[in-house]
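2 protein chains.
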Amino acid sequence: MTPQASAEATRDRIVNAATAEFSRHGIAGARIDRIAKAAKTSKERVYAYFRSKEDLYRFVSGRELTAVAEATRMDPADLPGYAGRIHDYFTAHPERHRLMAWGQLELGPDETPDDDPVRQTMARKTEQLRAAQESGDLDPGWDPLDVLVLVNQIATSWANQPDLAAGVPPQERAAYLAARRATVVTAVQRLFPAVQAPSGEER
Amino acid sequence: MTPQASAEATRDRIVNAATAEFSRHGIAGARIDRIAKAAKTSKERVYAYFRSKEDLYRFVSGRELTAVAEATRMDPADLPGYAGRIHDYFTAHPERHRLMAWGQLELGPDETPDDDPVRQTMARKTEQLRAAQESGDLDPGWDPLDVLVLVNQIATSWANQPDLAAGVPPQERAAYLAARRATVVTAVQRLFPAVQAPSGEER
Numbered sequence: 000m001t002p003q004a005s006a007e008a009t010r011d012r013i014v015n016a017a018t019a020e021f022s023r024h025g026i027a028g029a030r031i032d033r034i035a036k037a038a039k040t041s042k043e044r045v046y047a048y049f050r051s052k053e054d055l056y057r058f059v060s061g062r063e064l065t066a067v068a069e070a071t072r073m074d075p076a077d078l079p080g081y082a083g084r085i086h087d088y089f090t091a092h093p094e095r096h097r098l099m100a101w102g103q104l105e106l107g108p109d110e111t112p113d114d115d116p117v118r119q120t121m122a123r124k125t126e127q128l129r130a131a132q133e134s135g136d137l138d139p140g141w142d143p144l145d146v147l148v149l150v151n152q153i154a155t156s157w158a159n160q161p162d163l164a165a166g167v168p169p170q171e172r173a174a175y176l177a178a179r180r181a182t183v184v185t186a187v188q189r190l191f192p193a194v195q196a197p198s199g200e201e202r
Numbered sequence: 000m001t002p003q004a005s006a007e008a009t010r011d012r013i014v015n016a017a018t019a020e021f022s023r024h025g026i027a028g029a030r031i032d033r034i035a036k037a038a039k040t041s042k043e044r045v046y047a048y049f050r051s052k053e054d055l056y057r058f059v060s061g062r063e064l065t066a067v068a069e070a071t072r073m074d075p076a077d078l079p080g081y082a083g084r085i086h087d088y089f090t091a092h093p094e095r096h097r098l099m100a101w102g103q104l105e106l107g108p109d110e111t112p113d114d115d116p117v118r119q120t121m122a123r124k125t126e127q128l129r130a131a132q133e134s135g136d137l138d139p140g141w142d143p144l145d146v147l148v149l150v151n152q153i154a155t156s157w158a159n160q161p162d163l164a165a166g167v168p169p170q171e172r173a174a175y176l177a178a179r180r181a182t183v184v185t186a187v188q189r190l191f192p193a194v195q196a197p198s199g200e201e202r
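Protein chains in written order, with numbering that gives the first Met the number 0: chain A, 0 to 202; chain B, 0 to 202.
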């Protein structure tokens, strides 16, 4: 391994360990020495790559924001499908919802820079929704920011449940989970109907 | 002041100081010595009233749960009005939403006892909704638990914004805040229409 490849591998291990640590303990609760240990490196190395614990958190949460956006792809003409994908994503990865939730609680708006990835993502999506309203793909009666926030709130209704089907008998779990998902999609469909029925993988 | 009145006053100061401390820092981040200092008492006194930091958190969050339930009174025949009251409550007291949000993140379901007040409140409200479905006051097509979770998610859409109208020019703030509230009420109205138009204070 070249020195550069080795440095990159170390950085990757730090980012992965930090993702797990922040998801579990939040920002204030995370310990850089635990991250260093899990990444098989030293505290000093961690601080060489990321100036502070907050910087490291901002990096991993920004990476997660990109990952969820890519995995769920907002389609303003099919918001029910989008909500279903968000639901699926966080049902499969509840720890990633936790990772983002800590930042919402621990980083106040005063500490949030204007180039904050959450703000930028929201601004970009709001513009997408506004364009869909202009082209007739979305009811123009709503404020686009309200649409974005409502869809997100509904889609993450069950994201705070680490084991959504806990206590449900095994033979009923699949039906139970399908019903929870259907609620999310139906609610968004009633508020923001898809312009045309989504045709499977083609949308 | 009698010894008993003095002990009660101390306990009240502890509970109030703990509410502020947990709201700001969460459970792991809260410090009993800061709570003791703010309550003008000793760490030992705090532990004499509440066995552990988690017990103290459970007490203050249980108290808050009662307060929000009393302030917002769920009416299954007028869920839009209920959602508006939840929105108003957390717009006026964003720190109380933070207080509850920490518990959701920090207390896993494994650590949640069956007599947990959140669970009990949800079970009671779900029963109220089920009864309303039976009496024709609420669309029986939804699972009552889904109704409860959806209404709550929509009603708290803006609760994570410590200053909801930040950046809005002063002369536009009232209209801005009214529009955010109207979105919440309208969304719930479209999903779960009130059985009859609410008539002011009479409902």
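Backbone N, C-alpha and C define an ideal beta-carbon position, used for all residues, glycine too.
What separation, rounded to the nearest whole angstrom, lies between the Cα atoms of alanine 16 of chain A and glutamate 53 of chain A?
The residue given as residue 16 of chain A occupies position 17 in the first sequence. The residue given as residue 53 of chain A occupies position 54 in the first sequence. Answer to the nearest angstrom: the Cα atoms are 15 angstroms apart.
Reducing DSSP to helix, strand and coil, say where glutamine 160 of chain A ends up.
Here residue 160 of chain A refers to the residue found at position 161 when the first sequence is read from its first residue. Looking at glutamine 160 of chain A - three-state DSSP - the assignment turns out to be coil, as it is neither helix nor strand.
In or out: aspartate 114 of chain B buried (at least 16 other Cβ within 10 Å) or exposed?
Numbered from 1 along the second sequence, position 115 holds the residue referred to as residue 114 of chain B. Aspartate 114 of chain B is exposed by the Cβ-count criterion.
At which residue ranges does the region 34-85 of chain A contain complete alpha helix (DSSP H) runs of 4 or more residues, listed in the order of the chain?
42-48, 52-71
Could you check whether threonine 182 of chain B and aspartate 142 of chain A sit closer than 9 angstroms to each other, using their CB atoms as the reference points?
Mapped onto the first sequence, residue 142 of chain A falls at position 143. Mapped onto the second sequence, residue 182 of chain B falls at position 183. The answer is yes: Cβ separation under 9 angstroms.
For histidine 24 of chain A, return the contacting residues in chain B, with the cut-off set at a CB-CB distance below 8 angstroms.
The count along the first sequence starts at 1 and reaches residue 24 of chain A at position 25. Per Cβ cutoff of 8 angstroms: Ala27.
Among A:Gln119, A:Ala131, A:Ala178, A:Thr18, whose alpha-carbon lies nearest the alpha-carbon of phenylalanine 218 of chain A?
This structure gives no information on residue 218 of chain A, because the portion of chain A shown stretches from 0 to 202.
Can we say the region 70-90 of chain B touches the region 121-136 of chain B, given the rule of at least three CB pairs closer than 8 angstroms?
yes
How many angstroms separate the CA atom of lysine 177 of chain A from the CA atom of lysine 42 of chain A?
In the first sequence, the residue the question calls residue 177 of chain A occupies position 178. In the first sequence, the residue the question calls residue 42 of chain A occupies position 43. Note that residue 177 of chain A is alanine in the sequence shown, not lysine. Roughly 45 angstroms between the two C-alpha positions.
With a CB to CB cut of under 8 angstroms and the five nearest residues on each side skipped, what residues in its chain are close to arginine 10 of chain A?
Looking up residue 10 of chain A in the first sequence gives position 11. Excluding sequence neighbours, arginine 10 of chain A sits near Tyr48.
With distances taken from CA atoms, which of A:Arg62, A:Ile26, A:Thr90 is nearest alanine 158 of chain A?
The sequence position of residue 158 of chain A within the first sequence is 159, counting from 1. Considering only alpha carbons, the answer is A:Thr90.
Within 9 angstroms (strictly less), CB to CB, does threonine 182 of chain B reach chain A?
To locate residue 182 of chain B, count along the second sequence from 1; it is residue 183. True, the Cβ-Cβ gap to chain A drops below 9 angstroms.
Buried or exposed: proline 168 of chain B, going by 16 or more other Cβ atoms within 10 Å of its Cβ?
Counted from its first residue, the second sequence places residue 168 of chain B at position 169. Exposed.
Does DSSP put serine 5 of chain A in a helix, a strand or coil?
Here residue 5 of chain A refers to the residue found at position 6 when the first sequence is read from its first residue. Of the three classes helix, strand and coil, the one that applies to serine 5 of chain A here is helix, per DSSP.
Candidates A:Gly28, A:Ala29, A:Gly83, A:Ala6: which alpha carbon is nearest glutamine 188 of chain A's?
Counted from its first residue, the first sequence places residue 188 of chain A at position 189. Minimum Cα distance to glutamine 188 of chain A is reached at A:Gly83.
Provide the residue span of the alpha helix (DSSP H) that contains valine 148 of chain B, from first to last.
Against the second sequence, residue 148 of chain B aligns to sequence position 149. Run containing valine 148 of chain B: 143-154, per the alpha helix (DSSP H) assignment.
Please look up how many angstroms separate the CB atoms of alanine 193 of chain A and glycine 80 of chain A, rounded, as I've assumed it's under 8 angstroms.
Taking the first residue of the first sequence as 1, we reach residue 193 of chain A at position 194. Taking the first residue of the first sequence as 1, we reach residue 80 of chain A at position 81. Their Cβ separation, rounded to whole angstroms, is 7 angstroms, which keeps alanine 193 of chain A and glycine 80 of chain A in contact under 8 angstroms.
Let me know the secondary structure DSSP gives methionine 121 of chain B once reduced to three states.
For the purposes of this step, residue 121 of chain B is taken as the residue at position 122 of the second sequence. Helix.
Taking Cβ-Cβ distances below 9 angstroms as the criterion, which residues of the region 7-20 of chain A are in contact with chain B?
For the region 7-20 of chain A, no residue has a beta-carbon sitting nearer than 9 angstroms to a beta-carbon of chain B.
Under the assumption that isoleucine 13 of chain A contacts isoleucine 26 of chain A (Cβ atoms under 8 angstroms), give the Cβ distance between them as a whole number of angstroms.
Walking along the first sequence from the start, residue 13 of chain A turns up at place 14. Walking along the first sequence from the start, residue 26 of chain A turns up at place 27. With a Cβ gap of about 16 angstroms, isoleucine 13 of chain A and isoleucine 26 of chain A do not count as contacting.
Under 9 angstroms, Cβ to Cβ, is there at least one residue of chain A near glutamine 170 of chain B?
As a working note, residue 170 of chain B is residue 171 in the second sequence. No, no contact with chain A.
Compute the Euclidean distance between the alpha carbons of arginine 118 of chain A and tyrosine 175 of chain B, then round it to the nearest angstrom.
The count along the first sequence starts at 1 and reaches residue 118 of chain A at position 119. The count along the second sequence starts at 1 and reaches residue 175 of chain B at position 176. Each residue's Cα considered, the two are about 19 angstroms apart.
What does alanine 173 of chain A touch in chain B if you count any residue whose Cβ is under 8 angstroms from its own?
The residue given as residue 173 of chain A occupies position 174 in the first sequence. The contacting residues do not exist; alanine 173 of chain A stays about 16 angstroms from chain B at best.
How is aspartate 32 of chain B classed by DSSP in three states: helix, strand or coil?
Working through the second sequence from its first residue, we reach residue 32 of chain B at position 33. Three-state result, aspartate 32 of chain B: helix.
Closest to histidine 24 of chain A by C-alpha separation, out of A:Leu98, A:Thr155, A:Ala130, would be which residue?
Numbered from 1 along the first sequence, position 25 holds the residue referred to as residue 24 of chain A. The shortest Cα separation from histidine 24 of chain A among A:Leu98, A:Thr155, A:Ala130 belongs to A:Leu98.
9 angstroms is my cut-off, CB to CB: does isoleucine 153 of chain B come that close to chain A?
Residue mapping note: residue 153 of chain B aligns to position 154 of the second sequence, counting from 1. Yes, its Cβ sits closer than 9 angstroms to a Cβ of chain A.
By DSSP, does aspartate 115 of chain B sit in helix, in strand, or in coil?
Position 116 of the second sequence, counted from the first residue, corresponds to residue 115 of chain B. If DSSP states are grouped into helix, strand and coil, aspartate 115 of chain B belongs with coil.
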